[in-house]
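Data first, discussion second: the structure below is written as structure tokens.
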Amino acid sequence: MIDRFDILLVALLVYFGDKVTGSRLPQQMLNIAILVTLFVLLLLGVARA
């Protein structure tokens, strides 16, 4: 089972890695990816409750 913190860590690594490497992804796509990640984290939190 994937832990919520593992997903959050990956999301943060992708975000900061993208910033450091010069933002290869379009900003809008990056924002959408972050929103989707947060939504998944919320669903996992609700499912475990």
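Here the sequence shown is numbered in the working numbering, starting from 305 and rising by one per residue.
In this text, a Cβ means the ideal position worked out from N, Cα and C, and glycines have one as well.
Owing to the predicted nature of the structure, the values given are computational and were not obtained by experimental measurement.
Checking 9 Å against the spacing of the C-beta atoms, do residue i and residue j come in under that value?
i	j	result
isoleucine 311	valine 350	no
aspartate 322	leucine 339	no
Can you tell me where the alpha helix (DSSP H) holding residue i begins and where it ends?
i	result
aspartate 322	308-324
Between residue i and the rest of its own chain, which residues show a CB-CB distance below 6 Å, the 5 nearest in sequence each way excluded?
i	result
leucine 348	Arg308
In its own chain, which residues sit with a C-beta less than 8 Å from the C-beta of residue i, not counting the 5 before and 5 after it?
i	result
tyrosine 304	Examination of residue 304 is not possible in this model, given that the chain is present from 305 through 353 alone.
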